[in-house]
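Colleague: Protein chains in written order, with my numbering: chain A, 35 to 201; chain B, 35 to 201.
There are 2 protein chains.
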Amino acid sequence: MSVQRILGIDPGTATVGFGIVDKIAQDSYRYISSGIIQTKKDQGAAQRLAIIRRDMITLLEEYQPEVVAVESIFFFKNAKTLVPVSQARGVLLEAAATSGYLTAEYTPMQVKMCLTGHGRADKSFVQESVAKLLNLSQIIKPDDASDALAIAVCHARMTLPAYAPAT
Amino acid sequence: MSVQRILGIDPGTATVGFGIVDKIAQDSYRYISSGIIQTKKDQGAAQRLAIIRRDMITLLEEYQPEVVAVESIFFFKNAKTLVPVSQARGVLLEAAATSGYLTAEYTPMQVKMCLTGHGRADKSFVQESVAKLLNLSQIIKPDDASDALAIAVCHARMTLPAYAPAT
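1. Going straight from the alpha carbon of LEU170 (chain A) to that of GLY53 (chain A), what length do you get?
2. Kindly list, in the order they appear in chain E, the residues whose Cβ is closer than 8 Å to that of GLN81 (chain A).
3. Take the Cβ of ALA184 (chain A) as the centre, count every other Cβ of all protein chains shown within 10 Å, and call the residue buried at 16 or more, exposed below.
4. Going along the chain, which unbroken runs of the beta strand (DSSP E) with 3 or more residues stay wholly within the segment 50-87 of chain B?
5. Would you mind sorting ASP76 (chain A) into buried or exposed? The rule is 16 or more other CB atoms within 10 Å of its CB.
6. Could you tell me the distance, in whole angstroms, from the CA atom of TYR140 (chain B) to the CA atom of ILE43 (chain B)?
7. Is the shortest distance between the beta-carbon of THR115 (chain B) and the beta-carbons of chain A less than 7 Å?
8. Does the CB of SER163 (chain B) have a neighbour CB from chain A at under 7 Å?
9. Below 8 Å on the Cβ atoms is my guess for GLN121 (chain B) versus LEU127 (chain A); work out the distance and round it to an integer in Å.
10. In its own chain, which residues sit with a C-beta less than 7 Å from the C-beta of VAL164 (chain A), not counting the 5 before and 5 after it?
11. CA-CA distance, TYR197 (chain A) and THR92 (chain B)?
12. Can ILE70 (chain A) and THR49 (chain A) be called in contact, C-beta distance under 7 Å?
13. Name, in chain order, the residues that DSSP records as bridge partners for GLU128 (chain A).
14. State the start and end residues of the unbroken beta strand (DSSP E) segment that holds GLN38 (chain A).
15. By DSSP's criteria, GLU105 (chain A) is part of a beta bridge. Which residues make up the other side?
16. Out of A:SER133, A:GLN60 and A:ILE58, point me to the one whose CA is closest to LEU206 (chain A)'s CA.
17. So, is the C-beta of THR47 (chain A) closer than 7 Å to a C-beta in chain B?
18. Is GLU100 (chain A) close to chain B? Criterion is C-beta to C-beta, closer than 7 Å.
19. Excluding the 5 residues preceding and the 5 following ARG154 (chain A) in the sequence, name in chain order all residues of the same chain whose CB lies nearer than 8 Å to its CB.
20. Determine the burial state of GLU105 (chain B): buried for a count of at least 16 other Cβ atoms within 10 Å of its Cβ, exposed for fewer.
21. Taking only beta carbons into account, state which residues of the segment 117-149 of chain B come closer than 7 Å to chain A, listed in chain order.
22. Consult DSSP for GLN161 (chain B) and reduce its assignment to one of helix, strand or coil.
23. Report all residues from its chain with a CB closer than 6 Å to the CB of PRO199 (chain B); omit the five preceding and five following residues, and keep chain order.
As structure tokens, this is what we get:
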């Protein structure tokens, strides 16, 4: 199989996590990069969204992923942040589509299930699973970057064939 | 005073309403244009957001408003549409900021209050007030375009000086 590059995105207004992973063989992955896009409170909502899009476009141009996998907002865990996080998510999805990239969406529960086998696994267990699957000696920091890598690995695993081909 | 041009935006995923108004003198307005940006259900979320941004950029280039006034999402009237509408709103705000335009945000209640003097005025009364303030012989259709004009007029009225200058 050819290498599939995935850009995982954990959306937010103050911090957007990103993680780039190459799927090099069946359930075998290579860590490429990860980090965060940051904006400041005093910049105003529209300006922060403009910064997020600008940095997202830079990421897309630099890494040219095959797919952009974005965490979906499924549970009303925090009603106060639901609108601003959704606004950032809209900008990130739009930037990917306008630039011609495929997008995929996964719920937090799907990501946990996919990486650990448990839909309600705790954060540190998910982070350890990410590090293990990417053959990293330590957990990726900050959390938003690790979360974004989890989404990328989730996409890679979700697209595994249901049955291994007979050889 | 110089003419102030305002682009009012009523965000949505399937339909974004827009309305352009010139404030030509103290509490005197001129209707310039209005309409809707439409996307189709079968286009997928990211693609629909890309279309909304593309058409928003076209509107900004054509009308070059001084301010873009966008309705804010304040009440959880419909939890199901809150995420997609916020995503579209994020794209619209970002497009305005990236293109160098000022943005302003008003809640539905502020818009109603501003146009009718009542924060809970019904839809048809708001539509009639919009038509009256813009010296139009009939109510603007569709509703999303009329709502967008209401937001534009609201911005124009909110920026009235508190006291008329002594002459």
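By construction, the Cβ of each residue, glycine as well, lies at the ideal position given by its N, Cα and C atoms. Model, not experiment: these values are computed from the prediction.
Modeller: Reading from the atomic positions:
1. One-based indexing of the first sequence puts residue 170 (chain A) at position 136. One-based indexing of the first sequence puts residue 53 (chain A) at position 19. In a straight line, the C-alpha of LEU170 (chain A) is about 14 Å away from that of GLY53 (chain A).
2. In the displayed structure, chain E is absent; the protein chains listed are A and B.
3. By one-based count along the first sequence, residue 184 (chain A) stands at place 150. Classification of ALA184 (chain A): buried, given that the 10 Å Cβ count is 16 or more.
4. 62-72
5. Position 42 of the first sequence holds residue 76 (chain A). By the 10 Å Cβ count, ASP76 (chain A) comes out exposed.
6. By one-based count along the second sequence, residue 140 (chain B) stands at place 106. By one-based count along the second sequence, residue 43 (chain B) stands at place 9. Distance between the alpha carbons of TYR140 (chain B) and ILE43 (chain B) is about 10 Å.
7. Counting from one through the second sequence, the residue named residue 115 (chain B) turns up at place 81. No, because no Cβ of chain A sits closer than 7 Å to the Cβ of THR115 (chain B).
8. Taking the second sequence and counting its residues from 1, the one referred to as residue 163 (chain B) is at position 129. Chain A, which has no Cβ nearer than 7 Å to the Cβ of SER163 (chain B), makes this no.
9. Position 87 of the second sequence holds residue 121 (chain B). Position 93 of the first sequence holds residue 127 (chain A). Indeed they touch by this definition, with Cβ atoms about 7 Å apart.
10. The residue given as residue 164 (chain A) occupies position 130 in the first sequence. Cβ neighbours of VAL164 (chain A) beyond the five flanking positions: LEU149, ILE174, SER180, LEU183, ALA184 and VAL187.
11. Counting from 1 along the first sequence, the entry for residue 197 (chain A) is found at position 163. Counting from 1 along the second sequence, the entry for residue 92 (chain B) is found at position 58. Confidence at TYR197 (chain A) is low in this model, with a pLDDT of 43, below 50, so the placement of that residue should be treated as unreliable; the coordinate-derived value is given next. TYR197 (chain A) and THR92 (chain B): Cα-Cα distance of roughly 48 Å.
12. As a position in the first sequence, residue 70 (chain A) is number 36, starting the count at 1. As a position in the first sequence, residue 49 (chain A) is number 15, starting the count at 1. Their beta carbons are under 7 Å apart, which means ILE70 (chain A) touches THR49 (chain A) by this criterion.
13. Within the first sequence, residue 128 (chain A) is the residue found at index 94, counting from 1. DSSP, once it has assigned bridges, lists no residue as partnering GLU128 (chain A).
14. Taking the first residue of the first sequence as 1, we reach residue 38 (chain A) at position 4. Per DSSP, GLN38 (chain A) belongs to the beta strand (DSSP E) from 38-44.
15. If you number the first sequence from 1, residue 105 (chain A) lands on position 71. Beta-bridge pairing links GLU105 (chain A) to A:TYR140.
16. Residue 206 (chain A) is absent from the model: chain A starts at 35 and stops at 201.
17. The count along the first sequence starts at 1 and reaches residue 47 (chain A) at position 13. By this cut-off, THR47 (chain A) is not an interface position.
18. In the first sequence, the residue the question calls residue 100 (chain A) occupies position 66. By this cut-off, GLU100 (chain A) is not an interface position.
19. Start at 1 with the first residue of the first sequence, and residue 154 (chain A) comes out as number 120. MET143 and LYS146.
20. Numbered from 1 along the second sequence, position 71 holds the residue referred to as residue 105 (chain B). Buried: at least 16 other Cβ atoms inside 10 Å.
21. VAL117, SER120, GLN121, ALA122, ARG123, GLY124, VAL125, LEU127, GLU128, ALA130, ALA131, THR132 and THR137
22. Walking along the second sequence from the start, residue 161 (chain B) turns up at place 127. Three-state result, GLN161 (chain B): helix.
23. Translated into the one-based positions of the second sequence, residue 199 (chain B) becomes position 165. In this prediction, PRO199 (chain B) scores a pLDDT of 40, lower than 50, which makes its location untrustworthy; the coordinate-derived value is nonetheless stated afterwards. There are no such residues.
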